[in-house]
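*Asks:* Taking this note's numbering, the leading residue of the sequence shown gets 75, the next gets one more, and so forth.
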Amino acid sequence: MAKDVIIALDFENKEKTLSFLDRFTGRKPFVKIGMELYYAEGPEIVREIKARGHKIFLDLKLHDIPNTVKKAMKVLSKLDVDMTNLHAAGTIAMMEAAKEGLTKEDGTCGVLLAVTQLTSTSEERMQQELLINATMEDTVKKYAQNAKAAGLPGVVCSPLEAKLVKEACGDDFLTITPGIRFADGDVGDQVRIMTPEKAKAASDYIVVGRPITAAADPVAAYERCVKEFLG
Ligand code: C5P
75 MAKDVIIALD FENKEKTLSF LDRFTGRKPF VKIGMELYYA EGPEIVREIK ARGHKIFLDL
135 KLHDIPNTVK KAMKVLSKLD VDMTNLHAAG TIAMMEAAKE GLTKEDGTCG VLLAVTQLTS
195 TSEERMQQEL LINATMEDTV KKYAQNAKAA GLPGVVCSPL EAKLVKEACG DDFLTITPGI
255 RFADGDVGDQ VRIMTPEKAK AASDYIVVGR PITAAADPVA AYERCVKEFL G
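(1) Check for me: the alpha helix (DSSP H) holding Gly175 runs from which residue to which?
(2) Is it buried or exposed, Gln191, if we count other Cβ atoms within 10 angstroms and call 16 or more buried?
(3) Quick check: what's the CA-CA separation for Glu235 versus Glu86?
(4) Rounded to a whole number of angstroms, what is the C-alpha to C-alpha distance between Asp138 and Leu187?
(5) Under the assumption that Pro103 contacts Tyr296 (Cβ atoms under 8 angstroms), give the Cβ distance between them as a whole number of angstroms.
(6) Give me the DSSP bridge partner(s) of Tyr279.
(7) Going by CA-CA distance only, name the one from Lys152, Asp180, Ala163, Lys222 that's closest to Met200.
(8) So for Ala188, helix, strand or coil by DSSP?
(9) Give me the Cβ distance between Phe303 and Ala273, rounded to the nearest whole Å; I'm assuming they're in contact under 8 angstroms.
(10) According to DSSP, Lys106 sits in a beta bridge with which residue or residues?
(11) In this structure, how does DSSP classify Thr269 when only helix, strand and coil are distinguished?
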């Protein structure tokens, strides 16, 4: 898969989402549908955006017992999205079950990614609240190796850890990185962040939400991202 910029469609409903997408009259951006929009509108919003010609990353971050995740993935497989994901914290067994559920009868399967640690989690909170007695780097590396062991093609991680993931799992192992901010932009609640330009060294895809969706001119912000990341 070629490198690309994915816009996080973190909107509360279909109307706001479609009016945002209507601004993109040229190239159809790769988009991410997350919990907010999916829970508000259901699977129909995925079908509708797909029918408009966008590639879709369905970001529902599944995390449950293996059997439940497998069955949920089987349902999601019918939506035929380009990418979907789960939490690596659910264990290798859960990731294997998810892949099985997502794989169709003809053996094909969308790109299934594992979230390592959320980009909003700091090392301090991970250690003090979650009692993970390791560094952020070691945790992300181990989770990525677990995802690879489960047969997954890549992970969602901070751009700060993408290089480490590539070193641990190989250059072909995909890194999808949220936590992207322009050098002159707002950080918001994200902690482990990087600019699109710096992210290009080790990220295959960057996921960008508010720097584009909350910009005065979202199309210009998207184009700036594409230029910095792919240019
Ligand atoms: O607005 P912002 O650019 O921070 O949006 C980032 C998007 O990426 C959000 O939709 C968020 O849920 C998602 N995400 C993340 N960190 C992860 C995985 C997904 O920020 N580790």
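Glycine included, C-beta positions come from ideal geometry on N, C-alpha and C.
*Replies:* Working from what's here:
(1) On the sequence shown, position 101 is the one that residue 175 refers to. Here the alpha helix (DSSP H) through Gly175 covers 166-176.
(2) Indexing the sequence shown from 1 puts residue 191 at position 117. Buried is the call here.
(3) Locating residue 235 in the sequence shown gives position 161, where the first residue counts as 1. Locating residue 86 in the sequence shown gives position 12, where the first residue counts as 1. Rounded to whole angstroms, Glu235 to Glu86 spans 30 angstroms at the Cα level.
(4) Position 64 of the sequence shown, counted from the first residue, corresponds to residue 138. Position 113 of the sequence shown, counted from the first residue, corresponds to residue 187. Computed Cα separation, rounded: 15 angstroms.
(5) Taking the first residue of the sequence shown as position 1, residue 103 is located at position 29. Taking the first residue of the sequence shown as position 1, residue 296 is located at position 222. About 6 angstroms; that satisfies the 8 angstroms criterion.
(6) Counting from 1 along the sequence shown, the entry for residue 279 is found at position 205. Beta-bridge pairing links Tyr279 to Asp78, Ile250.
(7) Translated into the one-based positions of the sequence shown, residue 200 becomes position 126. Checked all of Lys152, Asp180, Ala163, Lys222; the closest Cα to Met200 is Ala163.
(8) Here the question's residue 188 lines up with position 114 in the sequence shown. Reduced to three states, the DSSP call for Ala188 is strand.
(9) By 1-based counting over the sequence shown, the position of residue 303 is 229. By 1-based counting over the sequence shown, the position of residue 273 is 199. That pair is a contact at about 6 angstroms.
(10) Along the sequence shown, one-based indexing puts residue 106 at 32. For Lys106, which the question treats as bridged, DSSP gives the partners Ala82, Phe131.
(11) Residue numbering aside, residue 269 sits at position 195 when the sequence shown is read from its first letter. DSSP places Thr269 in coil when its eight states are reduced to three.
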